[in-house]
Amino acid sequence: MFFYISKTLGFLATPTNGLLVLLLVGVVTLRWRFGRQLTGLAAVLLVICGLSPAANLLMAPLEQRFPRWDAGNGAPDGIVVLGGAIDATVFGARGELALNEAGERMTEAVALARTYPNARILFSGGEGKVLKQGHTEADAARAFFARMGLAPERIEVEDRSRNTTENAVFSKELAAPKPGERWLLVTSAWHMPRSIGCFRAAGFPVEAYPVDFRTPGQGLLWPFFFASDGLRRFDLASREWIGLAAYYASGRSSELFPAP
């Protein structure tokens, strides 16, 4: 039930969806002053969200929360790779592997697997869409790792999870980490705080290995040249902040804004 509620609220809480609804209501009621004000407000907010540095200002604190992993402490015993980087629908329909903007989750996992040949590799990703497509991201991940030359028997997949909470719970069940073992968690830097919170709540201690950075991390955060890029990032960052609050309020994360 939480899965369907979170998906519904996630759609409603996406800023651009709300602004488009506001704009539509304004256009329909243009004959009244109220409608003209709504239209103007929606247009101004769309410009601010799409072209100003606002999206990067929201994204940067998420990405800077956890530093890059320090390899100086020794090799990890295992590596958990969160889904979200492969389009399972395209894979199911075409049989082709299609990586999205978060592709570094997969490519960096391959690099880690080659650097640490004795580490277990666990991919976590089921079917996260409300309308089931019949193909999980884990199916595509198997094919991807095989194409990258990793031995199939080395790859463990968790294919039941539909959100970050289930990533943590089901990964722990499959990994069965022993006391003293060191496990890395590979996911996008902006998604790391919520992911760490979920893994801590599930009792699975992991070390953050953030990838897929979207902001420079320091210096001036420039405005966007294409409004579509700014709006997409604004939606992504806003939903992640909302997700942090919702997961903490529902007890699915150990902290409101997890830190190292």
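By full-length UniProt numbering, the letter at position 153 of the sequence shown is numbered 153, and the numbering carries on one by one without gaps.
We treat Cβ as the ideally placed atom computed from N, Cα and C, and that holds for glycine.
Values in this document were obtained by computation on a predicted structure and should not be read as measured data.
Closest by C-alpha distance to Leu23, out of Gly50, Thr14 and Gly35, is Gly35. Annotation for Gly243: Arg194 place their beta carbon closer than 7 Å to its own, counting only its chain and skipping 5 residues before and after. A residue is called buried once 16 or more other Cβ atoms fall within 10 Å of its Cβ, and Phe145 is buried on that count. In this structure, Cys198 lies away from Ser238, with their beta-carbon atoms at least 8 Å apart. Looking at the DSSP output, Ala208 bridges to Leu185. The three-state secondary structure of Leu150, taken from DSSP, is coil. Cβ-Cβ distances below 7 Å link Tyr209 to Trp69, Leu184, Leu185 and Val186 in the same chain, with the five nearest sequence neighbours on each side left out; the list follows chain order. Around the beta carbon of Ser228, a 10 Å sphere encloses fewer than 16 other beta carbons of the protein chains shown; the residue is thus reported as exposed. The shortest CA-to-CA distance from Ala259 to any of Ala102, Asp212 and Gln64 is the one to Gln64. CA-to-CA, the gap between Val44 and Leu231 works out to about 13 Å. DSSP, read as helix, strand or coil, puts Phe234 in helix. In this structure Ala75 is exposed. Its beta-carbon is surrounded by fewer than 16 other beta-carbon atoms within 10 angstroms.
Straight-line spacing of the CA atoms in Gly78 and Arg120 works out to 4 Å. For Glu137 and Arg154, the gap between their C-alpha atoms comes out near 17 Å.
Under a 10 Å Cβ-count criterion, Lys178 is classified as exposed, with fewer than 16 other Cβ atoms of the shown protein chains found around its own Cβ. One alpha carbon belongs to Leu30, the other to Val47, and they sit about 20 Å apart. Between Val21 and Leu38, the gap from beta carbon to beta carbon reaches 8 Å or more. Annotation for Ala113: Ile121 and Leu150 place their beta carbon closer than 6 Å to its own, counting only its chain and skipping 5 residues before and after. By the Cβ neighbour-count rule, Glu101 is exposed, with fewer than 16 other Cβ atoms within 10 Å of its own.
When rounded, the separation of the alpha-carbon atoms in Ala109 and Gly95 is 22 Å. Here Pro216 is exposed. Its C-beta has fewer than 16 other C-beta atoms within 10 Å. In the three-state DSSP reduction, Gly180 falls in the coil class, being neither helix nor strand.
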